[in-house]
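Per UniProt numbering, residue 1 is the first one in the sequence shown, and the count goes up by one each step. Glycine is no exception: its CB is placed at the ideal position from the N, C-alpha and C atoms.
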Amino acid sequence: MNLLKIISTMILLVILISSCQNELLETIPNDRLAVDLYWKTDKDAELATNAIYTYLEGIDIFSWDGMSDIGHSNQTFNNEAMIESGQYDALNSKVLQEWTNDYAGIRAANSFFSNVDKIDAASPDLIARLKGEVKVLRAYMYIRLAFLYGDVPLITSEISLKESRSLTRTQVSMIWDFVGSELTESATLLPVTPTEKGRITKGAALALKARVMLYIGKYEEAATAARQVIDMNIYSLYPSYEKLFSYGAENNKEVILDKQFIKSIYSNSMFANMAPHSQRASSNLLVPTNKLVDAYQMNNGKNIEDPTSGFDPQNPYANRDPRLKYSVYVLGSLLPDGKVFNSKPQSGTADAVDYDYISTKTGFTLKKYINSEDLTEPTNCGINIILIRYAEVLLTYAEAKIELNKIDNTVVDAINEVRHRDDVNMPPVSILSQSEMRNIVRKERLVELAFEGFRYFDIRRWRIAENVMPGKIYGMTYSDNGILKTIEVPAVERVFRPGRDYLWPIPQKEKELNPALGQNPNW
Numbered sequence: 001m002n003l004l005k006i007i008s009t010m011i012l013l014v015i016l017i018s019s020c021q022n023e024l025l026e027t028i029p030n031d032r033l034a035v036d037l038y039w040k041t042d043k044d045a046e047l048a049t050n051a052i053y054t055y056l057e058g059i060d061i062f063s064w065d066g067m068s069d070i071g072h073s074n075q076t077f078n079n080e081a082m083i084e085s086g087q088y089d090a091l092n093s094k095v096l097q098e099w100t101n102d103y104a105g106i107r108a109a110n111s112f113f114s115n116v117d118k119i120d121a122a123s124p125d126l127i128a129r130l131k132g133e134v135k136v137l138r139a140y141m142y143i144r145l146a147f148l149y150g151d152v153p154l155i156t157s158e159i160s161l162k163e164s165r166s167l168t169r170t171q172v173s174m175i176w177d178f179v180g181s182e183l184t185e186s187a188t189l190l191p192v193t194p195t196e197k198g199r200i201t202k203g204a205a206l207a208l209k210a211r212v213m214l215y216i217g218k219y220e221e222a223a224t225a226a227r228q229v230i231d232m233n234i235y236s237l238y239p240s241y242e243k244l245f246s247y248g249a250e251n252n253k254e255v256i257l258d259k260q261f262i263k264s265i266y267s268n269s270m271f272a273n274m275a276p277h278s279q280r281a282s283s284n285l286l287v288p289t290n291k292l293v294d295a296y297q298m299n300n301g302k303n304i305e306d307p308t309s310g311f312d313p314q315n316p317y318a319n320r321d322p323r324l325k326y327s328v329y330v331l332g333s334l335l336p337d338g339k340v341f342n343s344k345p346q347s348g349t350a351d352a353v354d355y356d357y358i359s360t361k362t363g364f365t366l367k368k369y370i371n372s373e374d375l376t377e378p379t380n381c382g383i384n385i386i387l388i389r390y391a392e393v394l395l396t397y398a399e400a401k402i403e404l405n406k407i408d409n410t411v412v413d414a415i416n417e418v419r420h421r422d423d424v425n426m427p428p429v430s431i432l433s434q435s436e437m438r439n440i441v442r443k444e445r446l447v448e449l450a451f452e453g454f455r456y457f458d459i460r461r462w463r464i465a466e467n468v469m470p471g472k473i474y475g476m477t478y479s480d481n482g483i484l485k486t487i488e489v490p491a492v493e494r495v496f497r498p499g500r501d502y503l504w505p506i507p508q509k510e511k512e513l514n515p516a517l518g519q520n521p522n523w
């Protein structure tokens, strides 16, 4: 069975031929090829589509939670850290990078649509499917742009460099309308099951539509799209949350869309960037904070703040929701090399809290996607990065119905399905008031989807960022000769200005190239 393994592209790239199809799909260069050399066969359309897949996020998806309240960008003065702390402006490289990458992907998609109908297709069904895939990919780019920058130029066809320098911004409501329409149409073009691993399917289009509709408050549409995915009856939760992010679980029935990698061909550096320092990691780019760790309930279903929960401050990580130790390395966790994680200051281990760029500043490190197979080659990882999974769809359905105040058994069933995974098995929730159910589903999203790229956007769409972001950053609590101490990250205090920070600034470089873009409020 073929795998969708997309190669990084170069200005000049020899197009791979069918001899390598059993390992990966070929792509054409991201730069535009001469029209007279291309757009002749179905294969040309397929290669062009594959190239657009490279614009999907990979391990950079983790930076979103690192810029939220549950994470910390560990390298204090990098671009993500500046955004996290609120000390950034239109010159920030991350602000420019996101804009540039998304529009590069959109430009490639528009080139596809401008040329694909020139092909005398041998397989019209293939061309229709590819159109559906590219529509989803382009929509994915616009989702990021609209959420981050608000009004942005809506470009749906190829334009000249001169035209690009006079574009004006389209109202964000029109961007959302376009995205919703594209995802609806693409679902009619795409197959239920992927023709190859990693390909976008009908389920991916509908799941992404459900996500978008939830984000913009169109709850009826969100619930409907999520329900359509559920009723397809082809997705299910993987039995083990602990193993979900491992090589052995790749391409399981919970995964709706992922970005696929392969060692030594199209690899990532997940282990080197995120693993504990003692495991040959070169940096801890992003680390969890106590706001994430404290959100995990006790295994009896009670919050740790509840005096009847059984929480023991002297042993704070015992008897907790199992997803805590599956997601985060805490004191006593078993490391990939078989040793025990000990990040206490002055512990003498390589994982001890310190304030250089390679040590955890909070005492926690990320465990998701950290696999022993990558221990010997930490910069050459082939682990696939999940972009959409079934648990998100279940929680989207539940949240949308809660916001509509249509709380019934299907809502608690969706939440409990997530909580009742075989190696999680948390106590069930029951129907409560709308306010109580809202708190339940929001916390469930926090812990189930931690460090998968959701929290940054959730606290903004819920309009709670000004409540949860400002202030100092705290890490683990530990016992030092019977005295409880909590790690405080020094010299870092976040600020969040609600009149400004719900949107990013338009990048300064783009404004200079096109003054018609203007700027977002208070930037």
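Residue environment, residue i, which counts as buried when at least 16 other CB atoms sit within 10 Å
i	result
Asp351	buried
Ile464	exposed
Val330	buried
Ile11	Reliability fails at Ile11, whose pLDDT of 27 lies under 50, so the model's placement of it is uncertain and the value that follows must be treated cautiously. Its Cβ having fewer than 16 others within 10 Å, Ile11 is exposed.
residue 526	Outside the shown range of the chain, which is 1 to 523, sits residue 526, and nothing can be said about it.
Leu91	exposed
Gln97	exposed
Ser68	buried
Val340	exposed
Ala516	exposed
Met298	buried
Glu444	buried
Tyr55	buried
Val192	exposed
Leu366	buried
Gly332	exposed
Ala122	exposed
Ala462	According to the sequence shown, residue 462 is Trp rather than Ala. Trp462 comes out exposed.
Thr49	buried
Asp312	exposed
Leu33	Model confidence at Leu33 stands at a pLDDT of 49, short of 50, so the residue's coordinates are unreliable; what they give is reported in the following sentence. Looking at its Cβ environment, which holds 16 or more other Cβ atoms inside 10 Å, Leu33 is buried.
Arg129	buried
Pick from the options that is closest to residue i, judged by C-alpha positions
i	options	result
Ser236	Trp462, Arg169 and Val418	Val418
Arg389	Lys253, Thr41 and Glu185	Lys253
Met283	Thr289, Met270 and Leu292	It should be noted that the sequence gives Ser, not Met, for residue 283. If we check each option's Cα against that of Ser283, Met270 comes out closest.
Asn290	His72, Thr156, Asn115 and Asn481	His72
Asp294	Asp321, Tyr149 and Tyr103	Asp321
Asn101	Pro521, Gly518 and Pro507	Pro507
Gln87	Trp504, Leu513, Gln519 and Glu512	Trp504
Ile370	Val353, Asp354 and Leu334	Leu334
Thr93	Leu366, Arg494 and Glu510	Contrary to the premise, residue 93 reads as Ser rather than Thr in this sequence. Comparing Cα positions, the closest option is Glu510.
Asp458	Val441, Gly471, Lys472 and Pro470	Val441
Asn300	Met141, Thr76 and Val429	Val429
Asp423	Pro316, Arg445, Arg460 and Ser240	Ser240
Glu133	Lys202, Glu84, Asn233 and Trp523	Lys202
Arg169	Ile155, Asp125, Lys162 and Leu37	Ile155
Met437	Arg421, Asn425, Asp408 and His420	Asp408
Gly518	Gly471, Asp151 and Leu387	Asp151
Ile127	Asn425, Ala45 and Glu80	Ala45
Arg460	Asn315, Gly217, Thr188 and Ser111	Gly217
Gln228	Thr188, Gly248 and Glu242	Thr188
Ala491	Leu37, Asn79 and Ser85	Ser85
Val353	Val489, Tyr502, Gln171 and Asp312	Val489
Gln314	Ala81, Lys485 and Ala139	Lys485
Pro153	Trp99, Arg199 and Lys197	Trp99
Pro498	Gly105, Glu466, Tyr142 and Asn416	Glu466
Beta-carbon separation (whole angstroms), residue i vs residue j, contact threshold 8 Å
i	j	result
Val136	Leu183	7 Å
Met476	Gly363	3 Å
Thr349	Ser278	6 Å
Arg522	Arg494	For the sequence presented, residue 522 should be read as Asn rather than Arg. Between Arg494 and Asn522 the Cβ distance is about 17 Å, and since that is not below 8 Å, they are no contact.
Asn514	Ser160	Between Ser160 and Asn514 the Cβ distance is about 13 Å, and since that is not below 8 Å, they are no contact.
Gln75	Tyr357	5 Å
Ala396	Ala109	For clarity, residue 396 is Thr in the given sequence; the question names Ala instead. No, Thr396 and Ala109 are not in contact; Cβ-Cβ is about 25 Å, not under 8 Å.
Gly471	Leu286	So it is not a contact: roughly 19 Å between Cβ atoms.
Ser327	Lys368	6 Å
Any chain D beta carbon closer than 8 Å to residue i
i	result
Ile159	The structure shown has no chain D; it contains just one protein chain.
ask   = Do three or more CB pairs link the stretch 215-224 to the stretch 336-349 at distances below 8 Å?
value = no
Between the stretch 38-51 and the stretch 257-274, are three or more C-beta pairs nearer than 8 Å? no
Which runs of the alpha helix (DSSP H) fall wholly inside the stretch 430-463 and span at least 4 residues, in chain order? 434-448 and 455-461
| field | Validate contact between the stretch 447-466 and the stretch 50-62 using beta carbons, cut 8 Å, 3 pairs | value | yes
So within the UniProt domain "SusD-like N-terminal" (79-214), which uninterrupted alpha helix (DSSP H) runs reach at least 4 residues, ignoring any that extend past its ends? 79-85, 93-115, 124-149, 161-164 and 172-189
Three or more C-beta pairs below 8 Å linking the stretch 166-185 and the stretch 146-155:
yes
Length at least 4, wholly inside the stretch 296-337: the alpha helix (DSSP H) runs in chain order:
323-327
Run through the stretch 359-435 for me and flag every whole alpha helix (DSSP H) of 4 or more residues, listed as ranges in chain order. 390-403 and 409-419
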